[in-house]
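Structure record follows, encoded as structure tokens.
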Amino acid sequence: MLPRIVSINISRGGIPKLPVSSVRLISSGLEGDGHNHAKHNTPLQAVCIQDIEKLIDLSRNGYSLSPGKAGENLTVENLHVNNLPLGTVLQFSGGVVLELSKIRKPCYVMDAIHPRLKEDAVGRHGMYAKVIREGFLIVGETIAVKIPSERSSLVHP
Numbered sequence: 004m005l006p007r008i009v010s011i012n013i014s015r016g017g018i019p020k021l022p023v024s025s026v027r028l029i030s031s032g033l034e035g036d037g038h039n040h041a042k043h044n045t046p047l048q049a050v051c052i053q054d055i056e057k058l059i060d061l062s063r064n065g066y067s068l069s070p071g072k073a074g075e076n077l078t079v080e081n082l083h084v085n086n087l088p089l090g091t092v093l094q095f096s097g098g099v100v101l102e103l104s105k106i107r108k109p110c111y112v113m114d115a116i117h118p119r120l121k122e123d124a125v126g127r128h129g130m131y132a133k134v135i136r137e138g139f140l141i142v143g144e145t146i147a148v149k150i151p152s153e154r155s156s157l158v159h160p
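Residue numbering for the sequence shown follows my numbering, starting at 4 and increasing by one per position.
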């Protein structure tokens, strides 16, 4: 199954982020999405991506998580984003292009969900991406994955 967008999530700042069916993406991030902390307001962290499979896994361990609740912008399926190397390019079927730029580390904001979540989510809390090509994102879009290497090829994890 091809990787795809399950949910697009925005908020004026903080968590949870709430689902929208589509959004315009510009170099600084998703329109209408705010940040409560200045450290998140950087082009290298324009978009936060999280696997639905990791949210389900964490929920099975006692955490009440659903798309957007942990603050991610894009909840995806079949991508396995934490297994991809930095520099991986994500090409969305609608034309948007992102590049994975930073591993997302859980912070104290997760304490609002559960005090142990930030420790249990290490290594499965998603990735940040910078915007290579702006455009619109729509729930259900598929994602082509280009792993950085000496040869240029599209793969799907």
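We put the CB at the ideal spot given by N, CA and C, even for glycine.
Just so it is clear, the structure is predicted and the values come from calculations on it, not from any experiment.
Requested in this report: Going by CA-CA distance only, name the one from D60, E102, S31 and K57 that's closest to P46.
Outcome: S31
Query - Minimum length 3: unbroken beta strand (DSSP E) runs contained in the stretch 71-147 - result: 77-80, 92-95, 100-106, 130-136 and 138-141
Query raised in the report: The beta strand (DSSP E) with D54 in it runs from where to where?
Result: V50 to D54
Query raised in the report: Between which two residues does the beta strand (DSSP E) containing V150 stretch?
Result: For the record, residue 150 in the displayed sequence is Ile; it is not Val. No beta strand (DSSP E) holds I150; DSSP gives it neither H nor E.
**Report entry** One or two residues paired with V26 in a DSSP bridge
**Finding:** In DSSP, V26 forms a bridge with L140.
Report task. Starting from the C-beta of E35, find all residues in its chain whose C-beta is less than 6 Å away, skip the five residues before and the five after it, and write them out in chain order. Result -> Before going on, a small fix: residue 35 reads as Gly here, not Glu. Taken in chain order, the residues that qualify are I13.
Report task. Can you tell me which of S24, G71, L77 and A49 puts its alpha carbon nearest to the alpha carbon of K105? Result -> The residue with the shortest Cα to Cα distance from K105 is A49.
Query - Counterpart residues of R7 in DSSP-defined beta bridges - result: E80 and T145
Query raised in the report: What's the call for G71, buried or exposed, on a 16-neighbour Cβ count within 10 Å?
Result: buried
Report task. Give me whichever residues DSSP pairs with L33 in a beta bridge. Result -> In the DSSP output, where bridge partners are listed per residue, L33 has L28.
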